[in-house]
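Numbering (our numbering), first residue to last: 124 to 295.
Notes follow once the structure below has been shown.
Next comes the structure, spelled out in structure tokens:
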């Protein structure tokens, strides 16, 4: 019984695959796929990347990290931030939000203030590289949004960060 059902389903699939559209018509789906029925060849274009994806692809990473209880931009973060600045200057139409984060140690209020200082330190560095201060805003999450859960140095080091979030529209 199962073999017979599979045979019928396979035959239906083959017939459906051989069906053709009217000669010379083109159809477009909502996913960006276009089919030229006259040629029998379908081309699929990928949806365009979001500004955030373009940013991450161009600069390599969307975050920089900080030492414990510090907000000074680390030496290893400067080349990353320079790439951020270059991209931002080429794309002034996109607003950027710099998120400041902290690890779980310390009070909520202390970590919100530390996250704000981290985001502002990154903003100041970007300004020295020629990025318009009007393009960049800051937002602190403190310890409220850890990137990596856990109560150890490995987790904490990944949570002490600033993240660049690229907006989807023109700067107002």
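Virtual Cβ for every residue (Gly too), placed ideally from N, Cα, C.
Small disclaimer: the values here were computed from a predicted structure and weren't measured.
Along the chain, where does the alpha helix (DSSP H) containing residue i start, and where does it finish?
i, result
"residue 278", "276-282"
"residue 244", "231-251"
My output table needs one value for residue i: the three-state DSSP class, helix, strand or coil.
i, result
"residue 288", "strand"
"residue 264", "strand"
"residue 191", "coil"
"residue 198", "helix"
"residue 181", "helix"
"residue 208", "helix"
"residue 203", "helix"
Which partner residues of residue i appear in the DSSP bridge assignment?
i, result
"residue 271", "DSSP lists no partner for residue 271."
"residue 74", "Missing from the structure shown is residue 74; the chain here goes from 124 to 295 and no further."
"residue 214", "Beta-bridge pairing links residue 214 to no other residue."
"residue 259", "219"
So, residue i versus residue j, is the Cβ gap smaller than 8 Å?
i, j, result
"residue 221", "residue 285", "yes"
"residue 261", "residue 246", "yes"
"residue 182", "residue 210", "yes"
"residue 174", "residue 259", "no"
"residue 185", "residue 179", "yes"
"residue 254", "residue 208", "yes"
"residue 219", "residue 172", "no"
In chain order, what residues of the same chain have a beta carbon less than 8 Å from the beta carbon of residue i, not counting five sequence neighbours either side?
i, result
"residue 282", "224, 225, 226, 227, 266, 269, 270 and 271"
"residue 204", "187, 196, 245, 248, 249 and 252"
Since residue i is in the beta strand (DSSP E), which residue starts that stretch and which ends it?
i, result
"residue 223", "219-224"
I'd like the list of long-range same chain contacts for residue i, defined as Cβ closer than 6 Å, with 5 residues on each side in sequence excluded.
i, result
"residue 256", "250"
"residue 217", "174, 289 and 290"
Please go through the same chain and pick out, in chain order, the residues whose beta-carbon is closer than 7 Å to the beta-carbon of residue i, but skip the five residues on each side of it.
i, result
"residue 263", "223, 235, 238, 239 and 242"
"residue 277", "none"
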